[in-house]
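Numbering (our numbering), first residue to last: 266 to 902. What follows is one structure encoded as structure tokens, with my remarks underneath.
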Amino acid sequence: MDILKWFGFSKGTSKKTDEKDNDLLEKSMLNANLPLLNKLSPDSLYEDEKFVRSGGNYTRTYCAVEFNTVISQDKIQNLKELSENVSITQHLKEYDPEMARKQISMSIRQNRNKINSKFVGEDVKARAEAEIEDAEMLLRDLSIKNERMFLFQLLIHIVASSQEELESLSQLVRSEAGSICKLVYPRLRGKEAFDSFLPLGHNKVYDLTYRPMTSEAVSYFFPFSENEIYHEGGLIYGTNMSTSNVIKVNDQLLLNKHMFVLGISGSGKSTFLATNMFRKYMRNERVIAIDPKGDYGEMFQKLGGEWIKFRLDGDIVINCFDIPVTSAQADDDGKLIQSNALYDKISTLIIMFKLMYRDMTDLQEDVLSEVLLELYASEKYGKVAITPETDVSKLDSEDMPRMIDLYNYLTEIKDKDIKRYSILEEFHQTLTAYAKGIYQNIFNGFTKANTKSKLVVYDLQAISKIEKVKRVAYFNILSNQRYEIINGEGYPTNLVVDEAHNIADPNVVVAMEYLFDMMKVLRSFNCAIICATQSLADFLSAKTEHRNYGEAVILQSIQQLYLPMLPQEVEMVNRHMNLGLSKDDISFLTVQEGEKANDTGKGFFYVGSNKVKIDIFLSEIEEQLWFHKNYKVLQMQ
266 MDILKWFGFS
276 KGTSKKTDEK
286 DNDLLEKSML
296 NANLPLLNKL
306 SPDSLYEDEK
316 FVRSGGNYTR
326 TYCAVEFNTV
336 ISQDKIQNLK
346 ELSENVSITQ
356 HLKEYDPEMA
366 RKQISMSIRQ
376 NRNKINSKFV
386 GEDVKARAEA
396 EIEDAEMLLR
406 DLSIKNERMF
416 LFQLLIHIVA
426 SSQEELESLS
436 QLVRSEAGSI
446 CKLVYPRLRG
456 KEAFDSFLPL
466 GHNKVYDLTY
476 RPMTSEAVSY
486 FFPFSENEIY
496 HEGGLIYGTN
506 MSTSNVIKVN
516 DQLLLNKHMF
526 VLGISGSGKS
536 TFLATNMFRK
546 YMRNERVIAI
556 DPKGDYGEMF
566 QKLGGEWIKF
576 RLDGDIVINC
586 FDIPVTSAQA
596 DDDGKLIQSN
606 ALYDKISTLI
616 IMFKLMYRDM
626 TDLQEDVLSE
636 VLLELYASEK
646 YGKVAITPET
656 DVSKLDSEDM
666 PRMIDLYNYL
676 TEIKDKDIKR
686 YSILEEFHQT
696 LTAYAKGIYQ
706 NIFNGFTKAN
716 TKSKLVVYDL
726 QAISKIEKVK
736 RVAYFNILSN
746 QRYEIINGEG
756 YPTNLVVDEA
766 HNIADPNVVV
776 AMEYLFDMMK
786 VLRSFNCAII
796 CATQSLADFL
806 SAKTEHRNYG
816 EAVILQSIQQ
826 LYLPMLPQEV
836 EMVNRHMNLG
846 LSKDDISFLT
856 VQEGEKANDT
866 GKGFFYVGSN
876 KVKIDIFLSE
886 IEEQLWFHKN
896 YKVLQMQ
């Protein structure tokens, strides 16, 4: 490509004058840069029939002499990301349209002669017919659509520290480029090919490489995919496996700060979450984590955080009846709508009770909503009567009802209103375990945990095997944090929901819908929701005939991290999320038997439509904290 013309330097009165002026300007620019070029040039240059040695490096510059008829843009991108020792240079020069039309017309005539010749085989005639069809289509595009033609040249430059490495890389390049083009090394013009690679805009092997192409065909060699994710002032996530550059993300620059993480057990999912939380906390952001496996509690307690452990014999309770001072919902466009705090709390309680009692009917839901309004308005079960008009900001936690109060109120109804009680009788029986039975130490009582700390970890390990209890506890924590963040001061907050598939109940789809709505609401309060799971099938199970809410949660996440998975999981995520993974991508993301350790911490990371291969790494201190539980390093800092 004539770089001077591209930037608009050529404004003469004739083509010859333009070219003369451009040549003079180019020479003057090169002369001005000679001191810099001399400093950058190698101390020696040796040309061999098989390579050019530049200083201590062995180089080889291939010329693309033929291009395949069908070219995949993914293959071109793979070639570009093959190795940091492999570089691609492309030269473009606009092809005179009149000359292009003449050449195409000539090609059509020649192929028609082949068809009419009795000395040509049927295979040649068939190929000539196909070429005529393509040429006529191109001719129509040039004449009607004003299609532009270019003379396109492609060079691939390889640098190695030894001849052995050069041969190895050359074989790799030829293999990868085979589906795109035919590569030739100009043995007698190796130095000229080397010079053509240099950023001087001068192709000395032009006659070997040029190929007429339409602008559409040329565009395939400039794939619109970003192979770097680097935001100034961002947080380090890992390294780009293709380029070895650091991946940095500043989520303040994104449409929202939400993230979705998927990977099987042992894929590095928990390690990524731990380092991400650690780094955000060190940046003075608030971090709240739901931890079903007890991975983070001790470490974060050493950092000065709050470690909230739920146990069947414990005394930590988050009262699900606590009413927020203010509440808000989001419409389909994400616009916030203020809502009555009491009504919103009752609708939230209904969702939680449906997770407890999964067979709840619409009638039972309506009657229970009525009962809850009566319970809040009763001074017998709370210190004060709470109505939709009550100023909740003047109340404290012990003014709220508890689970045992709802249980006792339903017992009262049993004696006073047999008809209503008959509707809720089975639910009342289910409530027994949560109000005064085996689960009462988790759900019954006034809130005793410090949920407003800058670092909070909810440890659910002790109840992780009790699915229905864990599901209810998950939702209770989520709803509590929703209200706290809405009523906060907009402080940068990260809510990490590990093993988020626990609330994806196909019988209670509204629970996952609640999480989806949270993501729409809390993005306006400077909050990132990070959902992680090792089971995509479970995560996608909460759906109606109109919407899959698990999929909706993923699509709400601008950042997505896919770590190694089993083959069926890779196929599912590729299909449901329309990732368009190539065969090589699928192979990279699939855990091979016996190779899980090698794949840990490696995967695809997306920010919007930008995709990179990521390798997650830990700093020395993070390794000591996470893998060795060496908390003394914190005292040394």
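Every residue, glycine too, gets a C-beta built ideally from N, C-alpha and C. Everything numeric in this text was worked out from a predicted model, so none of it was measured.
What are the start and end residues of the beta strand (DSSP E) that includes Pro832?
-> Careful: Pro832 lies outside any beta strand (DSSP E), inside the alpha helix (DSSP H) at 832–841.
With respect to the alpha helix (DSSP H) encompassing Lys957, which residues constitute its N-terminal and C-terminal limits?
-> One cannot answer for residue 957 here, as it falls past the ends of the chain, which runs 266 to 902.
Nearest CA to the CA of Ser435: which residue from Ile819, Leu347, Glu639?
-> Leu347
Roughly how many angstroms separate the alpha carbons of Ser337 and Glu493, rounded to a whole number?
-> 21 Å
Thr798 versus Val761 - alpha carbon distance | Straight-line Cα distance between these residues: approximately 11 Å.
Same chain only: Cβ atoms within 8 Å of Pro477, ignoring 5 sequence neighbours per side | Cβ within range, chain order: Tyr360, Ala365, Gln368, Met414, Phe415, Leu416, Phe417.
Throw me the rounded Cβ distance for the Lys522 and Ala793 pair, which I believe falls under 8 Å.
-> 3 Å
Quick one: Cα of Phe489 to Cα of Ile341, how far?
-> Any reading at Phe489 needs caution, since the residue's pLDDT is 49, under 50, leaving its predicted position unreliable; the model's value is listed next. Those two C-alpha atoms are separated by around 11 Å.
Do Glu887 and Phe565 have their CB atoms nearer than 8 Å?
-> no
Thinking just about the alpha-carbon of each residue, which of Val775, Ile616, Val872, Asp880 is nearest to the one in Leu854?
-> Asp880
Give the straight-line distance between the Cα atoms of Asn376 and Asp460, rounded to the nearest whole angstrom.
-> 38 Å
What is the rounded straight-line gap between the Cα of Val438 and the Cα of Pro464?
-> 21 Å
By a C-beta neighbour count over all protein chains shown, 10 Å radius and 16 as the cutoff for buried, is Arg747 buried or exposed?
-> buried
Of all the alpha helix (DSSP H) runs that stay within the bounds of the segment 841–886, which reach a length of 4 or more residues?
-> 848–854, 861–864
N-terminal and C-terminal residue of the alpha helix (DSSP H) that Gly815 is part of = Note, Gly815: alpha helix (DSSP H), 814–820.
Closest by CA to Gly702, which one among His811, Asp782, Tyr672, Glu394?
-> It is Tyr672.
Beta-ladder partner(s) of Gln824, from DSSP = Gln824 pairs with Met524, Val872.
Buried versus exposed call for Gly845 [16 or more other C-beta atoms within 10 Å across all chains shown] = exposed
So what's Thr655 in DSSP terms, helix, strand or just coil?
-> coil
Over what stretch of residues does the beta strand (DSSP E) that includes Pro477 continue unbroken?
-> Start and end: 476–479.
Could you tell me the distance, in whole angstroms, from the CA atom of Ser231 to the CA atom of Met371?
-> Residue coverage of the chain in this structure runs from 266 to 902, which leaves residue 231 outside it and unanswerable.
Is there contact between the segment 777–796 and the segment 828–844, where contact requires at least three CB pairs shorter than 8 Å?
-> No: the two stretches stay apart, fewer than three of their Cβ pairs being nearer than 8 Å.
When Ile602, Phe486, Tyr450 are compared against Val470, the one with the closest alpha-carbon | Restricting attention to Ile602, Phe486, Tyr450, the CA atom closest to the CA of Val470 is found in Tyr450.
Counting pairs of beta carbons, one from the segment 324–334 and one from the segment 419–434, are three or more of them closer than 8 Å?
-> Output reads yes: the segment 419–434 touches the segment 324–334.
Got a sec, what are the start and stop residues for the beta strand (DSSP E) Arg325 sits in?
-> That run of the beta strand (DSSP E) goes 322–332.
CA-CA distance, Leu883 and Ile512?
-> 13 Å
Confirm, please, whether the CB-CB distance from Thr695 to Tyr622 is below 8 Å.
-> yes
Below 8 Å between beta carbons: does that hold for Val385 and Gln824?
-> no
Contact the segment 584–593 vs the segment 801–815: 3+ CB pairs below 8 Å | no
For Ser319, which three-state DSSP category applies?
-> In the structure shown, Ser319 sits in a strand (DSSP, three-state: E or B).
Terminal residues of the continuous beta strand (DSSP E) containing Asn510?
-> Run containing Asn510: none; DSSP gives neither H nor E here.
Assumed close pair Val877, Ser507 - CB separation to whole angstroms, cut-off 8 Å = 7 Å
I think Val351 touches Lys456, with their Cβ atoms under 8 Å apart; what is that distance to the nearest whole Å?
-> Going by Cβ atoms, the distance from Val351 to Lys456 rounds to 20 Å, so no, they are not a contact pair.
Along the chain, where does the beta strand (DSSP E) that runs through Lys574 open and close?
-> 571–574
Where DSSP assigns a beta bridge to Ala802, which residues make up the other side?
-> According to DSSP, residue pairing for Ala802 in a beta bridge does not occur.
To the nearest angstrom, report how far apart Glu836 and Thr809 are at their CA atoms.
-> 22 Å
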